[in-house]
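Residues in the sequence shown are numbered consecutively from 0, following numbering that gives the first Met the number 0. Using N, Cα and C, we set each Cβ at its ideal position, and we do this for glycine too. One structure below.
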Amino acid sequence: MTVTRHDRETGASFVIRLDSTRLGPAAGGTRAAHYPSFADALTDAGKLASAMTLKMAVSNLPMGGGKSVIALPAQRNDIDPATWNRILTLHAENIDKLRGNYWTGPDVNTNSADMDVLNETTDYVFGRSLERGGAGSSAYNTALGVFEAMKATARHRGLGSLDGLTVLIQGLGAVGGGLATLASAAGARLLVADTDSDRLAWARGSGHTVIGADEVLGTACDIFAPCAMGGIIDSATAARLPASAVVGAANNILADNTAAAILRKRGILYAPDFVTNAGGAFHLVGREVLGWNEETVVEHTRRISDTLTEVFTISDAESTATDTAARLLARRRIETSVQAGAATAPR
Ligand code: NAI
Ligand code: PHE
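Written out as structure tokens, the structure is:
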């Protein structure tokens with residue numbers, strides 16, 4: 000199901016995509032971006048929502064998959080506060096009309112403060128600020144999950160521990176920055192790229208080597224960690240990527256279906272993003288639906304490495320791409336949970 004709306008006053012268009020409610024209400028963040036066309040926004044919402052279905056299922060979380068996309072009339076930084084407030088309020092009205100079949104949360108260009116604004120109009124919001132009783136930012140936990148996934152991938156690829164490996168992180172935002180700190184503490188040598196000068200200044204101050212944003216796909220490394228936007232690896236890039244493994248936070252890292260097969264053929268071990276970046280979902284759903292404390296959230300997040308190892312085992316046994324193996328595991332988990340009647344309603 001897809002809900003759309005256009006607001007003439009601000010020029011914003013809204014998409015809420017419900018991909019699956021088989022395991023529970025559809026959940027997935029609100030992404031705000033300036034898209035080339037409304038058709039692009041619709042396509043993005045569809046792909047992001049189905050990635051959420053896979054993420055919840057493979058992580059054994061009692062939620063379905065959905066996503067919201069707000070197609071902004073300009074870049075986020077160029078939207079004034081009053082316009083932004085109206086956009087959020089209209090979006091909250093759209094969410095509320097779905098009566099709990101869809102729960103949102105933060106995603107690219109939205110944060111806990113924005114979730115507080117949505118919550119003035121609708122209850123169906125994860126990731127409000129701690130002051131408002133929400134679980135706050137999920138970024139650190141996402142970074143922790145990607146870090147655990149990176150260690151498991153390095154081991155499976157025969158690279159050993161992260162100590163001494165070259166890790167290239169694209170995007171040093173809330174997740175990529177946390178990942179940089181964790182990987183560096185584990186002994187990795189970091190190459191980093193961002194388009195934001197403050198983040199690059201932080202990276203230089205932390206002793207990491209900065210490379211140009213346009214050099215990322217041609218720079219040799221042991222592990223490539225895409226932590227900016229999705230769609231970064233298509234068939235052409237997969238055919239020449241100078242890395243041994245890919246493990247990142249970005250949703251939908253692979254731009255097309257053949258990229259996964261090409262990576263496999265070239266011996267580049269790809270850790271499927273909807274497995275590796277589930278730390279944010281563990282944080283939000285764990286704290287706000289399942290009543291977990293921080294320790295339990297971290298425990299589940301660390302176990303992302305076990306799920307990933309299961310994915311690699313299926314991929315090896317069935318001689319199939321890791322992405323295909325992860326989808327298979329997610330589908331199996333959906334069938335098992337549905338048969339067991341395991342869905343749990345949110346608060
Ligand atoms: P963020 O907005 O804090 O960071 C993104 C960073 O990427 C920014 O520093 C930005 O300047 C940089 N960037 C943008 N375009 C770039 C380019 N072409 N080259 C290099 N750097 C570029 O976002 P956040 O929260 O760190 O999320 C990163 C990715 O992880 C997103 O794709 C998001 O959907 C995904 N993700 C985030 C989760 C979370 O809990 N925050 C959970 C699951 C996935
Ligand atoms: N947007 C984040 C993700 O892609 C966090 C999130 C998880 C938001 C679950 C809402 C629900 O995982």
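Within the stretch 145 to 206, the complete alpha helix (DSSP H) segments at least 4 residues long are 173 to 184, 196 to 204, listed from N- to C-terminus. At a Cβ-Cβ threshold of 8 Å, threonine 20 and glycine 63 count as neighbours. Boundaries of the alpha helix (DSSP H) around aspartate 315: 303 to 316.
At a threshold of 7 Å, valine 107 counts as near ligand 1, since its beta carbon sits closer than that to one of the ligand's heavy atoms. In terms of Cβ geometry, glycine 176 and arginine 198 form a close pair [threshold 8 Å].
In the three-state reduction of the DSSP assignment, serine 12 falls in the strand class. At a Cβ-Cβ threshold of 8 Å, alanine 280 and serine 58 count as neighbours. Of Arg302, Trp83, His5, the smallest CA-CA separation from asparagine 110 is found for Trp83.
The beta carbons of leucine 161 and lysine 150 sit closer together than 8 Å.
For tyrosine 269, the three-state secondary structure derived from DSSP is strand.
Cβ-Cβ distances below 6 Å link valine 245 to Phe223, Tyr269 in the same chain, with the five nearest sequence neighbours on each side left out; the list follows chain order.
Its chain contains Ala324, Leu327, Leu328 as the residues whose beta carbon lies nearer than 7 Å to that of isoleucine 313, once the 5 sequence neighbours on both sides are disregarded; these appear in chain order. By the Cβ test, the stretch 37 to 49 is not in contact with the stretch 277 to 295, since fewer than three Cβ pairs between them sit closer than 8 Å. Between the beta-carbon of glycine 135 and that of glycine 126 there is about 7 Å, and that keeps the pair under the 8 Å contact cut. By the neighbour-count criterion, in which a residue is buried when 16 or more other Cβ atoms sit within 10 angstroms of its Cβ, glutamine 169 is buried. Within the stretch 25 to 96, the runs of beta strand (DSSP E) at least 3 residues long that lie entirely inside it are, in chain order, 29 to 32, 63 to 70. Distances taken from the Cβ of glycine 175 to the heavy atoms of ligand 1 include one shorter than 7 Å. Excluding sequence positions up to five before and after methionine 51, its CB lies within less than 7 Å of the CB of Asp18, Ala26, Gly27, Gly64, Gly65, Lys66, all in the same chain and listed in chain order. The Cβ atoms of leucine 129 and serine 336 do not sit closer than 8 Å to each other.
Ligand 1 never approaches asparagine 76 closely enough for any of its heavy atoms to be under 7 Å from the residue's Cβ.
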